[in-house]
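What follows is one structure encoded as C-alpha cells, with my remarks underneath.
In my numbering, the protein residues as written are 38 to 144.
Now the structure itself:
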C-alpha cells in the first residue's frame, strides 16, 4: 500500500502541474501568418481567434478570394503553432509520458 500512496501523491502533483500549465497557456497568444506576412492572425492559448492583420495592399476587391484563402492559411498556421507549444509544455509536465487527451489525474 505504501507504493500506491506514493503513486497517488505523484498523480496528484502531476495534476497540479497540468492545471498550472493549462492556466499559463490560457494567458499566451500565438501568431500565425501566410502570404509572406501579408496576413497575420493571433490566437489565444485556448485557440480562440483574437486578431487579424491584413496588409492594405490586399484590400483590392479583385484579390478577395486570395485574401480569404490567406486568412484560412494563417489561422491554420497559428493553430499548428499553438498545438506544438501546448504539446511541448505538456511534455515538460508529464516527463514525456503520453497521456490521453482530457485525462484527469488522480484517477
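Glycine is no exception: its CB is placed at the ideal position from the N, C-alpha and C atoms. Quick caveat, the model's predicted, so the values are computed rather than measured.
Over the uninterrupted beta strand (DSSP E) stretch that includes residue i, give me the two end residues.
{"i": "residue 87", "result": "86–91"}
Select from the options the residue whose C-alpha is nearest the C-alpha of residue i.
{"i": "residue 110", "options": "131, 49, 44, 76", "result": "76"}
{"i": "residue 89", "options": "100, 61, 68, 50", "result": "68"}
{"i": "residue 132", "options": "41, 52, 42, 43", "result": "52"}
According to the Cβ coordinates, are residue i and residue j closer than 9 Å?
{"i": "residue 72", "j": "residue 119", "result": "no"}
{"i": "residue 114", "j": "residue 81", "result": "no"}
{"i": "residue 65", "j": "residue 122", "result": "yes"}
{"i": "residue 45", "j": "residue 130", "result": "no"}
{"i": "residue 62", "j": "residue 83", "result": "yes"}
{"i": "residue 87", "j": "residue 79", "result": "yes"}
At a cut-off of 8 Å, is residue i close to the ligand SAH when judged by its beta-carbon and the heavy atoms of the ligand?
{"i": "residue 93", "result": "Among the components of this structure there are no ligands whatsoever, and the ligand SAH is therefore not found."}
Entirely within the stretch 56–126 and at least 4 residues each: give me those alpha helix (DSSP H) ranges in chain order.
Counting only runs of 4+ residues, no alpha helix (DSSP H) is found wholly inside the stretch 56–126.
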